[in-house]
Each structure stands twice: as structure tokens, then as C-alpha cells.
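Counting in my numbering, the sequence shown runs from 52 upward without gaps.
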Amino acid sequence: MDFKRSDFPEDFLFGAATAAYQIEGHQFGGAGPTHWDTFAATPGNVIRAEDGALACDHYHRFAEDLDLLKDAGMDAYRFSTSWARVMPDGRTVNPEGLDFYDRLVDAMLERGLKPFQTLYHWELPSALADKGGWTNRDTTKYFGDFTDVITDRIGDRVSAIATINEPWCVAFLSHFLGHHAPGLKDIRATARAMHHILLAHGEAMTRLRAKGMKNCGIVLNFDYGEALSDADTTAAATNDAIFNRWFIEAITKGTYPEEALAGFAPHMPEGWQDDMAQISQPMDWLGVNYYTRHKIEADPSAPWPHLKGHEGPGDKTQMGWEIYPDGLHHFITWLAKNYVGDMPIYVSENGMAWDDRIENGAVYDPVRTKFVSDHMLATKRAIADGANVQGFFYWSLLDNYEWAFGYEKRFGIVHVDFETLKRTPKASYHALKSAIAR
Ligand code: IFM
């Protein structure tokens, strides 16, 4: 790696991230069915119809996984607490689920890892999906209740809490593009989900503040969308409004961008304007997830938003996503300048998938090592340019359930054999370990 720990501010945190449904094994410990189980069981939605029933069996192997973080010299671990594990029907508490997260957080602290919790990383309980999921305003109140329950149990020991992971994915990817559960392609459902997921953030913030919780924020994903040609600048601005500005503008300024409202306004829930104060209450930090760049082309013959995206021109990962580290520098500095000022920013996810194989007992993944190195250097440049970045979490610690791609796409710095569940740290794990030891 072309960076070392001492290139970053003294308290800068190095960590890795995961999410509950992607690693834990949802068949264990009394977790309830989620909308991802239904989505995966519907032909054509997920490669080989794979689901998170076993995943990496982190539920039973978490000690080994946390040892891997500790042995790499990491400072923090970003994990999520599954709503469906803690409240299998979304409303009734499962004591086994709470006990699991209690043990998990204690195990992090025993290893000197700071727990960075995410409250919602996509496993909506089926009972709430049946009632309309994120299109239903009531879901936001139930989410507030879940926030209370899990915080009462582990809130005394977590270092930071994010309310929602990647609201764009929860709302647009899942209700407009139909690629994630619940797999809808419906603009009215999308407009409601785009608003309600932010209202859920606001509701959770209210509940957390009522308990005196500090270090509360949200994790947003950003995609560098560039106009394909001069004729495509309006389309690129609309794409930017939907993907990158909708969420950050709502939570920092209490408004939605005009270009996006142009399509969503007729479908928004009545009285949405009255929610904006709750949505935009002060936060303590912002999580930035960044992966790639797209080229945006106008498509006047298509319905609103009249555009289509193309992969960028550079080298691609196993996902087909272009590797474009400058985009990370762009977003961090743009966010600091226009939205969050000095508020701490964490790169809460950045990483890449590759078709990694075990050869002679090891995994050689030089493309990932360079990917991490180049993105760390982009982060370092953003700090030099004045952004208050306080940590970086690689996505992901383990190869895991990559949603609609099942177990095919390998993002981990640790290889997982999904037959035996054996963990093998990849060469990038060792490279990262030595960079952060220096
Ligand atoms: O695996 C996902 C994660 O759940 C959310 N952010 C992007 C990752 C890679 O696609």
C-alpha cells in the first residue's frame, strides 16, 4: 500500500464494515422473516435464489471474525443490528436477539474495537413489508420503537450510531429500479419510500436524543455521475439530484432538490413539508459510502427522469463498476464545502469485488490492494484540502451475501469458503495490516 497510518491524523480510525443479513445467518437465534427472504425466493430476483439463511454463520463464528479485525490492527468495526432479529415481526421483542448483540458488542470491546452500529441495513421484517413497508408512514414509528429497544440494551457501549444505511438503495434502487427487495418499479411507491426512509432517520434521531445518545449520524451512498456529452448536462443534474442531493440536502437543509421534486412531487405523501424539520435535526457525523462513477445520457423517449446510466470508461471490478478514486475525493470535499462543514465525516464503505480464488492456501488480490491504496490516498488529499475525515471502513471484512448477486461477488479482505465457511485472509488484508501498523 502507498500509505501508512502516520499519513493520517492521530485519532483517525481504520476499520472494516459488514451488515447483519449479509453475514450472520438469519435462520439462527429466533430472527424473523424479512422482505429479502421473500425477494430471494421469487424466481429471477437473486442469482441462484440464494438468501441470508446461513451466510457466513457469523452468528456462531463472530469471535473468530472479530479476532481477524483485531489481528489486522483495526480500531473500529462497523456492523448492523438486524431489526428482524431483535423484533421478528417488527414489533415484538426477541430476547435471544438482544442477547446476541449484547455478546457481540462486549466481544468488540474485549478486543479494543470501537463499535460503530447501523440500525437499519435493509432487513425489513416481513410483517411490516406486508403492511406496505417503507411506503407506509407507520413503519417509521415502528422503526423508532426498534431504535428504543436496541439502544436500551447496547447503547451504553457503542461508539457511534448510524440510523440508516444508504437510503437511496432502500428507496430508489428497491422501489423504482426494482433491483432490491421489495422489487417494485413504481414511482408513487418510490416517492413515499424516498420520504419515509428519511422520516425514519428523523424518528430514530429523536428517540436517540431523548436518551441522551451522542455520536449519531447517517450513512449515505454517493455515485459520481458525469454527463456523457454536453447534451446530457440536464440529465446528469437530475441524476445527481435523485442519487446524491436528495438525502444530504434533506438532512442538512430540510429541503429536497427541485430537479427531483419535478418527478416525485405529485406522488409525495400529503403534508410531507411538515416532516422536514424532524428530518433535518442536527447530527454528529456523516458516513460516506463510495464505489464508482457512471456516465449519464439523456433519454427523452423514456419516462421521467428521462435518462440512462452507463458504466464509466476505466478498469472495472467484478461488479462491472469502474474504479475511480478521484470520485471519493470529490464527494468528501463537496460535502464538507456545501453541506456539513466541519462535522466529522467517515468513509463508512469503500471496497471492491473480485473473483478471488484460493491458490496454494492463499488469495492473491493485487487489484484490491491497489484499489484500497488509491482510495486512501484520495481520502488523504481530501483531508489536506480541509475536510474533517475521521476514519475509513473497508467494505467488507468478509466475502458475504451480496444481495441480488447472492454469494458470487467477493468484496472481502477475508475470503470465505461458502461450503466449509473457512476464513482465509487475502493478500490485501495483510497489506492493509502492514500499512496501518506503520
Ligand atoms: O454489499 C453492499 C452493502 O450492503 C451496501 N453498500 C454497498 C455494498 C456493495 O454493493
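Glycine included, each C-beta is placed from N, C-alpha and C at the ideal position.
All figures in this text were calculated on a predicted structure; none of them were measured in a lab.
Report task. Compare the beta carbon distance of MET52 and SER424 with 8 Å and say whether it is the shorter of the two. Result -> Cβ atoms of MET52 and SER424: closer than 8 Å.
Query raised in the report: What is the DSSP secondary structure of LEU250, counted as helix, strand or coil?
Result: helix
Query raised in the report: Can you tell me the Cα-Cα spacing of LYS304 and GLY234, whole angstroms?
Result: 30 Å
Requested in this report: Can you tell me which of the three DSSP states LEU279 falls into?
Outcome: Reduced to three states, the DSSP call for LEU279 is coil.
Requested in this report: Sort LEU155, ALA255, THR85 and ASN216 by Cα distance to PRO176 and report the nearest one.
Outcome: THR85
Query - Close beta carbons around ARG204, own chain, < 8 Å, minus the five adjacent residues each side - result: Taken in chain order, the residues that qualify are LEU149, TYR152 and ASP153.
Query raised in the report: Using a threshold of 7 Å, is the CB atom of TRP134 nearer than that to any non-hydrogen atom of the ligand IFM?
Result: Outside the cutoff, so no.
Query - LEU312 versus LEU160 - alpha carbon distance - result: Rounded to the nearest whole angstrom, the CA to CA distance from LEU312 to LEU160 is 44 Å.
Report task. State yes or no: is the C-beta of PHE227 nearer than 7 Å to some heavy atom of the ligand IFM? Result -> no
Query raised in the report: Taking 7 Å as the line, does the beta carbon of ALA70 fall inside it for any heavy atom of the ligand IFM?
Result: yes
Query raised in the report: By DSSP, does GLY365 sit in helix, in strand, or in coil?
Result: coil
**Report entry** Nonlocal neighbours in the same chain, by C-beta distance under 8 Å from GLY371, ignoring five residues either side
**Finding:** GLU362
Requested in this report: Please confirm whether any heavy atom of the ligand IFM lies closer than 7 Å to the CB of PHE462.
Outcome: yes
Query - Simplified DSSP assignment, three categories, for PHE462 - result: coil
Query raised in the report: Is it buried or exposed for PRO317, if we count other Cβ within 10 angstroms and need 16 for buried?
Result: exposed
Query - Which of helix, strand or coil DSSP assigns to HIS417 - result: The sequence given here has Pro at residue 417, not His. Residue state, collapsed to three classes: helix.
Query raised in the report: Mind checking whether TYR452 and TYR72 have CB atoms under 8 Å apart?
Result: Going by C-beta atoms, TYR452 is nearer than 8 Å to TYR72.
Query raised in the report: Taking DSSP as the reference, what is the three-state secondary structure of GLN332?
Result: coil
Report task. Give every residue of the same chain whose Cβ lies closer than 7 Å to the Cβ of HIS109, excluding the five residues on either side of it in the sequence, and list them in chain order. Result -> ILE74, GLU75, GLY76 and ASP116
Query raised in the report: Are ILE347 and ALA278 close, meaning C-beta to C-beta below 8 Å?
Result: yes
Query raised in the report: Excluding five sequence neighbours on each side, which residues of the same chain lie with their C-beta closer than 6 Å to the C-beta of ASP118?
Result: none
Query raised in the report: Do ALA251 and THR191 come within 8 Å of each other at the CB atom, strictly closer than that value?
Result: At the C-beta level, THR191 and ALA251 come within 8 Å of one another.
Requested in this report: Could you tell me the distance, in whole angstroms, from the CA atom of GLY463 to the CA atom of ASP122?
Outcome: 16 Å
Report task. Please classify ARG260: is it buried, with 16 or more other beta-carbons within 10 angstroms of its beta-carbon, or exposed? Result -> exposed
Requested in this report: Under 8 Å Cβ to Cβ from CYS220, same chain only, skipping five residues before and after it: list those, please.
Outcome: TRP173, HIS231 and ASN272
Query - Endpoints, the beta strand (DSSP E) within which ARG474 is located - result: 474-476
Requested in this report: Whole angstroms is fine: what's the gap from VAL144's alpha carbon to GLY437's?
Outcome: 44 Å
Report task. Check THR143 in the structure and name its three-state DSSP category. Result -> coil
Query raised in the report: How about GLU410: is its Cβ closer than 7 Å to a heavy atom in the ligand IFM?
Result: no
Requested in this report: Report, in whole angstroms, the separation of the C-beta atoms of LEU179 and ILE299, which I expect to be a contact under 8 Å.
Outcome: Wrong, their Cβ atoms sit about 26 Å apart, outside the cutoff.
Query raised in the report: Is TYR480 closer than 8 Å to PHE469 when the C-beta atoms are compared?
Result: no
Query raised in the report: In three-state DSSP terms, what is ILE409?
Result: coil
Query raised in the report: What did DSSP end up calling ALA441 once you bin it into helix, strand or coil?
Result: Sequence inspection shows Gln at residue 441; the Ala mentioned does not correspond to that position. Strand, per DSSP.
Requested in this report: Could you pull the start and end residues of the alpha helix (DSSP H) that ARG136 belongs to?
Outcome: 134-137
Query raised in the report: Using DSSP with H/G/I as helix, E/B as strand and the rest coil, what is ILE215?
Result: strand
Query raised in the report: Among GLY83, LYS473, GLY229 and THR368, which has the Cα closest to the Cα of GLY95?
Result: GLY229
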